[in-house]
């Protein structure tokens, strides 16, 4: 049966309709990509795929060693049949990962914080999302550019990991300067 048309009478109705539509749409499947991993990259992928629910893994390497290639392989593998959540400290890095096939890549703040207010000089004030985080137990959460993540934010991610039981993978470059 055809659906009744949605009547939009206000901006609030429009935004509510758009939010409902966005919530009903699954992210598209990543495009098929054939990449041959080096033995070291395959070893990291094997470790990630063998992680128990609630486990944490950190892997690092200098620029150009293929960390993003491994992250893309994890996304394509869809471990557990569920696409991993890919987070980064910046929108620019999230955009780069989306171009590499991690179509849902987002910032850490978009994943697990909500904007509460702004301070008197206009800087945003965020609250950690405790209830309703968009993750299921056992799902993989990849944090790229992990060396750029502030220790307080890493602690928040680990606290959420304990609460939700997701697998947490930090991907970084120990040669980068910390925040």
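In the working numbering, the protein residues as written are 11 to 189. Beta carbons are placed, not taken as given, at the ideal position from N, Cα and C, and that holds for glycine.
- The beta carbon of residue 181 sits closer than 7 Å to the beta carbons of 69, 77, 81, 152, 153, 154 and 156 from its chain, once the five residues preceding and following it are set aside; these are given in chain order.
- Excluding sequence positions up to five before and after residue 47, its CB lies within less than 8 Å of the CB of 55, 76, 79, 80 and 83, all in the same chain and listed in chain order.
- Contact annotation: residue 166 and residue 97 have beta-carbon atoms that are not nearer than 8 Å.
- Contact check for residue 72 against residue 185 passes: the beta carbons are separated by less than 8 Å.
- Between the alpha carbons of residue 134 and residue 119 lies a gap of roughly 11 Å.
- Rounded to the nearest whole angstrom, the C-alpha separation of residue 74 and residue 129 is 39 Å.
- Here residue 95 is near residue 114, since their CB atoms are less than 8 Å apart.
- Pairing residue 67 with residue 159 gives a Cβ-Cβ distance that is not under 8 Å.
- Listed as beta-bridge partners of residue 135 by DSSP are 127.
- The beta-carbon distance between residue 117 and residue 89, rounded to whole angstroms, is 22 Å. This is too long to meet the 8 Å contact definition.
- Per the C-alpha coordinates, the member of 131, 125, 170 and 162 positioned closest to residue 142 is 170.
- Judged by their CB atoms, residue 145 and residue 112 are not nearer to each other than the 8 Å cut-off.
- Judged by DSSP in its simplified three-state form, residue 151 adopts strand.
- Beta-bridge annotation (DSSP): residue 96 is paired with 152.
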